[in-house]
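*Asks:* Counting with my numbering, you get residues 415 to 732 for the letters of the sequence shown.
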Amino acid sequence: MTSKIPSIELSDEPSTDSPAAMISAGGLQAVLDNLDALVYVSDFETYELLYMNAYGRRIWGETSGRKCWQVLQDSEGPCDFCTNHLLRSPDGSARPPHVWEFQNQVDQRWYQCRDQAIPWTNGKLVRLEIATDITDRKKIELALHKAHERAQTAALEDELTGLPNRRAFFQLGNHMLHQALRNHSTLSMVMVDLDFFKNINDTYGHQAGDEVLVRVSEVMQARLRESDLIARMGGEEFVLLLPETSTDKAREIAQQLLTLIRALGVPHEGDTIKLSASFGVTSIRPDDPNLEVLLQRADQALYQSKEQGRGRISLYVD
Numbered sequence: 415m416t417s418k419i420p421s422i423e424l425s426d427e428p429s430t431d432s433p434a435a436m437i438s439a440g441g442l443q444a445v446l447d448n449l450d451a452l453v454y455v456s457d458f459e460t461y462e463l464l465y466m467n468a469y470g471r472r473i474w475g476e477t478s479g480r481k482c483w484q485v486l487q488d489s490e491g492p493c494d495f496c497t498n499h500l501l502r503s504p505d506g507s508a509r510p511p512h513v514w515e516f517q518n519q520v521d522q523r524w525y526q527c528r529d530q531a532i533p534w535t536n537g538k539l540v541r542l543e544i545a546t547d548i549t550d551r552k553k554i555e556l557a558l559h560k561a562h563e564r565a566q567t568a569a570l571e572d573e574l575t576g577l578p579n580r581r582a583f584f585q586l587g588n589h590m591l592h593q594a595l596r597n598h599s600t601l602s603m604v605m606v607d608l609d610f611f612k613n614i615n616d617t618y619g620h621q622a623g624d625e626v627l628v629r630v631s632e633v634m635q636a637r638l639r640e641s642d643l644i645a646r647m648g649g650e651e652f653v654l655l656l657p658e659t660s661t662d663k664a665r666e667i668a669q670q671l672l673t674l675i676r677a678l679g680v681p682h683e684g685d686t687i688k689l690s691a692s693f694g695v696t697s698i699r700p701d702d703p704n705l706e707v708l709l710q711r712a713d714q715a716l717y718q719s720k721e722q723g724r725g726r727i728s729l730y731v732d
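1. Do you know how far the Cα of Asp521 is from the Cα of Ile548?
2. The beta strand (DSSP E) with Lys663 in it runs from where to where?
3. Please report how far the alpha carbon of Val633 lies from the alpha carbon of Val513, in whole angstroms.
4. Which one or two residues does DSSP pair with Gln526 in a beta bridge?
5. Count the C-beta pairs between the segment 652-668 and the segment 612-621 that are closer than 8 angstroms, then say yes if the count reaches three, no if not.
6. At what residue ranges does the segment 543-615 contain a whole run of the alpha helix (DSSP H), taking only runs of 4 or more?
7. Nearest by alpha-carbon distance to Ala712: which of His499, Asp732, Ala565 is it?
8. Short of 6 angstroms in beta carbon distance, which residues of its chain neighbour Ile532, apart from the five on each side in sequence? Order them along the chain.
9. Give the C-beta separation of Arg643 and Leu627 to the nearest angstrom, bearing in mind that I take them to be a contact with Cβ-Cβ under 8 angstroms.
10. Tell me whether Leu655 sits in a helix, a strand or coil according to DSSP, three-state version.
11. Keeping to the same chain, check which residues put their C-beta closer than 8 angstroms to that of Ser660; ignore five residues upstream and five downstream.
12. How is the alpha helix (DSSP H) around Ser719 delimited, first residue to last?
13. Going along the chain, which residues of its own chain have a beta-carbon closer than 7 angstroms to the beta-carbon of Gly648, five neighbours each way excluded?
14. With a Cβ-Cβ cutoff of 8 angstroms, do Leu689 and Leu678 count as a contact?
15. Here's the rule: buried if 16 or more other CB atoms are within 10 angstroms of the residue's CB, otherwise exposed. What is Tyr730?
16. Select from Ser641, Leu577, Leu591, Gln487 the residue whose C-alpha is nearest the C-alpha of Tyr461.
17. Tell me which residues share the same chain as Tyr717 and place their Cβ nearer than 8 angstroms to its Cβ, disregarding the 5 neighbours each side in the sequence.
18. Given that a residue counts as buried once 16 or more other Cβ atoms are within 10 Å of its Cβ, and exposed if not, what is Gln519?
19. Leaving out five residues before and five after Pro511 in sequence, what residues of the same chain have Cβ atoms less than 7 angstroms from its Cβ?
20. What residue range is occupied by the uninterrupted beta strand (DSSP E) comprising Asp685?
21. Is Leu638 helix, strand or coil by DSSP?
22. For Ser719, which residues of its own chain have a beta-carbon under 7 angstroms away from its beta-carbon, when the five flanking residues on both sides are left out?
23. Please report the Cβ distance between Val630 and Ile687, rounded to the nearest whole angstrom; I am assuming they are in contact, meaning their Cβ atoms lie under 8 angstroms.
24. Looking only at its chain, what residues have a beta carbon closer than 7 angstroms to the beta carbon of Ser456, apart from the 5 residues adjacent to it on each side?
Following this line, the structure appears as structure tokens:
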């Protein structure tokens with residue numbers, strides 16, 4: 415398609431300033447039309463297209479008398495992401511080029527754009543954009559970014575239950591601990607251990623044991639608040655961090671969870687697996703240096719529950 419937009423007009427008279435300056439207008443037109451990139455020029459004030467190379471005309475068609483946002487974006491007005499304001503200083507002089515990337519919503523392809531203000535044939539500053547299609551590169555970048563995000567999520571998520579894992583617990587939990595200490599607020603920890611879980615695996619198989627862990631994690635997660643943290647520490651052991659929760663309130667929550675776990679019957683091959691759990695509860699102290707100290711106290715309380723016959727809740731006592 416032949417564009418009615420005039421070519422860039424350069425003098426055909428050779429210059430002795432430099433070899434690059436000796437190219438004719440026709441030669442420059444040939445260079446621009448053979449670039450594997452969009453090159454266009456538009457007026458800053460009216461947005462009228464003053465020039466578009468062959469690459470652009472092949473994709474966007476006739477451009478004569480039309481504005482850049484009509485041709486390139488098929489819109490009814492200037493683009494929200496227009497960079498014109500970045501290309502000129504308040505005094506009207508040209509600023510350095512602006513390089514950026516975006517996805518064209520018309521053709522859904524990604525472009526790297528180099529925008530700058532240049533003097534046109536009449537001496538007036540106009541907008542020049544050189545846009546290179548980087549879709550293939552961008553697809554690889556986005557795929558790598560998603561893979562990285564999945565890897566990060568997997569590193570902090572228990573594969574079986576989908577709960578935060580031990581690593582995530584310490585990352586998030588230490589933040590919650592420091593925040594509670596700064597705000598002089600309460601924070602309680604509850605350790606949960608399923609009773610006789612090895613017997614479940616030995617009797618019903620590991621697949622049944624996995625189903626038990628999933629169901630128990632779902633029951634506990636449904637009871638807790640969004641601000642609470644529940645994580646699987648490994649095996650059949652879970653830990654809860656309850657912000658703005660006193661020791662007595664944490665014990666009450668633990669009792670509710672114990673009731674829910676006891677009422678939870680997990681069906682397996684015509685049988686029903688009945689469950690129980692032991693709990694250990696503690697709360698932060700002003701001199702707690704880290705989460706490990708809190709975890710040790712909760713674990714001691716949990717051990718006390720097991721020593722006293724399991725299926726019960728113990729509070730840490732000095």
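Heads up, the beta-carbon is just placed ideally off N, CA and C, and yes, glycines get one too.
*Replies:* Taking the definition as stated:
1. The alpha-carbon atoms of Ile548 and Asp521 are separated by roughly 13 angstroms.
2. Per DSSP, Lys663 lies in no beta strand (DSSP E); the unbroken alpha helix (DSSP H) holding it starts and ends at 661-677.
3. Straight through space, the alpha carbons of Val513 and Val633 are spaced by roughly 52 angstroms.
4. In DSSP, Gln526 forms a bridge with Glu515, Thr546.
5. The segment 652-668, when compared against the segment 612-621, does not touch it at the 8 angstroms Cβ threshold.
6. Counting only runs of 4 or more, we get 549-570, 580-597.
7. The shortest C-alpha separation from Ala712 is found at Asp732.
8. The residues are Leu542.
9. The question names Arg, yet the displayed sequence has Leu at residue 643. Separation of the CB atoms of Leu643 and Leu627 is rounded to 18 angstroms, and the pair is thereby denied contact status at 8 angstroms.
10. Three-state result, Leu655: strand.
11. These residues qualify, in order along the chain: Thr600, Ser602, Ser697.
12. Element bounds for Ser719: 705-721.
13. So the list reads Arg580, once near-sequence residues are dropped.
14. Yes; because the gap between Cβ atoms is below 8 angstroms, this pair is in contact.
15. It counts as buried.
16. Cα-wise, what sits closest to Tyr461 is Gln487.
17. Only Gly694 meet the Cβ criterion.
18. Exposed, because fewer than 16 other Cβ atoms sit within 10 Å of the Cβ of Gln519.
19. Contacts found: Arg528, Asp529, Gln530.
20. Bounds of the beta strand (DSSP E) holding Asp685 are 685-688.
21. Under the three-state reduction of DSSP output, Leu638 falls in the coil class, being neither helix nor strand.
22. Counting only Cβ-Cβ distances below 7 angstroms, and skipping sequence neighbours, we find Ser692, Phe693, Gly694, Arg726, Ile727, Ser728.
23. No, Val630 and Ile687 are not in contact; Cβ-Cβ is about 11 angstroms, not under 8 angstroms.
24. Hits under 7 angstroms: Glu462, Leu463, Leu464, Cys482, Val540, Arg541.
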